[in-house]
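A.B. asks:
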Amino acid sequence: MLPSLVPRRAVRSGPKWVLGVLAPALLIGLWELASVLGWVAPNLVPSPGEVANSAWQFFFGPRSANIPGVVAFSGAGWGHLGASVSRCLIAWSAAVVLGTGLGLALGLSRLARKLLDPLVNGLRAVPLYAWLPLALVWFGIGETAARVLIFIGALWPVVLAVGDGVLRVPQAYVETARMLGTSRRQLWYQVYLRAALPEIVTGLRLSLTLAWMCVIVGELSGTPTGVGAMMNAAREGGRIDEIVVGLLVFAVVGFMADAGLRRAARHWVRWAAA
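Sequential numbering of the sequence shown, starting at 61, is according to the numbering used here.
#1: Who are the near neighbours of V305 in its chain, counting only those whose CB is closer than 7 Å to its CB and skipping five residues on each side?
#2: Return yes when the Cβ of F310 is within less than 9 Å of the Cβ of V287, no when it is not.
#3: Determine the extent of the alpha helix (DSSP H) in which R265 is found, giving its start and end residues.
#4: Given that a residue counts as buried once 16 or more other Cβ atoms are within 10 Å of its Cβ, and exposed if not, what is R68?
#5: Since I210 and C148 are thought to touch, with beta carbons under 8 Å apart, how far apart are those beta carbons, to the nearest angstrom?
#6: Thinking C-beta only, is A237 closer than 9 Å to L247?
#7: So I212 is in the alpha helix (DSSP H); what residue range does that whole segment cover?
#8: Taking the beta carbon of I260 as the centre, do at least 16 other beta carbons fall within 10 Å, making it buried, or is it exposed?
#9: Rounded to a whole number of angstroms, what is the C-alpha to C-alpha distance between L168 and V226?
#10: Considering just the uninterrupted stretch of the alpha helix (DSSP H) at A185, what are its terminal residues?
#11: Just checking, does the stretch 141 to 157 make contact with the stretch 264 to 282 on the three C-beta pairs under 8 Å criterion?
#12: Taking the alpha-carbon positions, what's the Y189 to V156 distance?
#13: Measuring CB atoms only, is the stretch 192 to 201 touching the stretch 228 to 244, in the sense that at least three cross pairs come out at less than 8 Å?
#14: Would you kindly work out how many angstroms separate the C-alpha atoms of N103 and H327, rounded to a whole number?
#15: Just the Cα atoms here: how many angstroms apart are V145 and E235?
#16: Cβ of R123 within 9 Å of Cβ of A143?
#17: Whole-angstrom Cβ separation of S267 and A214, contact assumed at under 8 Å?
#18: Between L141, A324, V186 and L176, which has its C-alpha nearest L257's C-alpha?
#19: Do you know how far the Cα of A221 is from the Cα of R322?
#20: By alpha-carbon positions, which one of S95, L90, V81 and R170 ends up nearest to D224?
#21: Whole angstroms is fine: what's the gap from D318's alpha carbon to R265's?
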């Protein structure tokens with residue numbers, strides 16, 4: 061078939077799909093080769109087969125006995141994953157709501173920018189791990205501290221994206237809308253939101269990625285469930301294969317979340333440009 065007769069979608073998506081699978085496959089192949097040839101110490105770098113078996117046990121193995129103070133592994137995968145995802149979504153949603161409000165204030169009010177800019181730029185420069193001792197003192201070991209840490213990590217990208225996006229809306233758009241008698245609510249929705257949406261979407265994607273990355277920090281604060289809690293228990297027991305399973309779970313879920321938000325963002329940006 062001539063290239064000109066091949067649908068453009070097929071031409072574009074085929075190579076991307078192949079290349080997207082090729083890199084992980086090549087990495088796994090090199091990993092297996094290194095394990096078979098003894099290039100890596102098996103007690104430090106488990107083989108892909110061992111990791112795959114541990115992953116199967118994590119999600120589909122017989123359920124571990126519920127022992128107080130012991131983080132379950134076998135058959136506990138879905139429970140740990142659900143706990144991590146729920147923490148991430150709750151904290152991220154709160155960060156989006158508060159971050160949008162702060163961003164609008166920074167973008168629309170010169171006074172708010174003068175008052176809040178130094179505070180925002182100072183706090184967002186604090187590493188997340190630096191908040192961990194304070195969160196443990198204030199909220200204790202457990203769920204609240206974990207959610208607060210995730211919230212802090214996810215907040216600043218939303219604030220900056222909304223603030224910069226609104227601030228960069230051309231003043232001509234605003235003046236024209238006001239001349240046409242647009243209400244304040246319509247002005248925010250039809251002008252500011254539409255014009256700033258591409259930057260806001262970028263901020264939301266970055267915020268969700270950081271929120272998912274911060275889950276591990278939050279769960280190191282002492283939560284009894286979650287993928288991060290499982291990885292911490294595996295570290296204490298020297299079970300490297302279980303740690304790698306946790307890393308892969310974080311990678312796969314993070315990729316899927318970003319892909320889903322990116323797909324939704326295409327529709328949002330298309331609506332804004334309409």
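Glycine included, C-beta positions come from ideal geometry on N, C-alpha and C.
C.D. replies: In short, the structure shows the following:
#1: The residue you call residue 305 lines up with position 245 of the sequence shown. Contacts found: V111, S114, A115 and F118.
#2: Here residue 287 is taken as the residue at index 227 of the sequence shown, counted from 1. Here residue 310 is taken as the residue at index 250 of the sequence shown, counted from 1. Yes, these two residues count as a Cβ contact at 9 Å.
#3: Within the sequence shown, residue 265 is the residue found at index 205, counting from 1. R254 to E279 is the span of the alpha helix (DSSP H), which, as asked, contains R265.
#4: Numbered from its first residue, the sequence shown carries residue 68 at position 8. Only weak support is given to the placement of R68: the predicted model assigns it a pLDDT of 46, under 50, and the value that follows is read from those uncertain coordinates. That one is exposed.
#5: Along the sequence shown, read from residue 1 onward, the residue named residue 210 stands at position 150. Along the sequence shown, read from residue 1 onward, the residue named residue 148 stands at position 88. Right, the Cβ-Cβ distance comes to about 6 Å (below 8 Å), so this counts as a contact.
#6: Residue mapping note: residue 247 aligns to position 187 of the sequence shown, counting from 1. Residue mapping note: residue 237 aligns to position 177 of the sequence shown, counting from 1. The answer is yes: Cβ separation under 9 Å.
#7: On the sequence shown, position 152 is the one that residue 212 refers to. That run of the alpha helix (DSSP H) goes E203 to L227.
#8: Here residue 260 corresponds to residue number 200 of the sequence shown, with the count starting at 1. Under this definition I260 is a buried residue.
#9: Start at 1 with the first residue of the sequence shown, and residue 168 comes out as number 108. Start at 1 with the first residue of the sequence shown, and residue 226 comes out as number 166. If you take the alpha carbons of L168 and V226, they lie about 7 Å apart.
#10: In the sequence shown, counting from the first residue as 1, residue 185 sits at position 125. Segment: none, A185 is in no alpha helix (DSSP H) and carries neither H nor E.
#11: yes
#12: By 1-based counting over the sequence shown, the position of residue 189 is 129. By 1-based counting over the sequence shown, the position of residue 156 is 96. If you take the alpha carbons of Y189 and V156, they lie about 21 Å apart.
#13: no
#14: The sequence position of residue 103 within the sequence shown is 43, counting from 1. The sequence position of residue 327 within the sequence shown is 267, counting from 1. Distance between the alpha carbons of N103 and H327: 48 Å.
#15: Taking the first residue of the sequence shown as position 1, residue 145 is located at position 85. Taking the first residue of the sequence shown as position 1, residue 235 is located at position 175. Approximately 43 Å, taken between the alpha carbons.
#16: What you label residue 123 is simply residue 63 of the sequence shown in a count that begins at 1. What you label residue 143 is simply residue 83 of the sequence shown in a count that begins at 1. No, Cβ-Cβ distance for R123 and A143 is not below 9 Å.
#17: Locating residue 267 in the sequence shown gives position 207, where the first residue counts as 1. Locating residue 214 in the sequence shown gives position 154, where the first residue counts as 1. Contact flag correct, Cβ pair sits at about 5 Å.
#18: For the purposes of this step, residue 257 is taken as the residue at position 197 of the sequence shown. Here the closest residue by C-alpha is A324.
#19: Your numbering for residue 322 matches position 262 in the sequence shown. Your numbering for residue 221 matches position 161 in the sequence shown. So the two alpha carbons sit approximately 16 Å from each other.
#20: Counted from its first residue, the sequence shown places residue 224 at position 164. Among S95, L90, V81 and R170, the Cα nearest to that of D224 is on R170.
#21: Sequence index remark: in the sequence shown, residue 318 carries index 258 (1-based). Sequence index remark: in the sequence shown, residue 265 carries index 205 (1-based). The straight-line gap from Cα to Cα measures roughly 6 Å.
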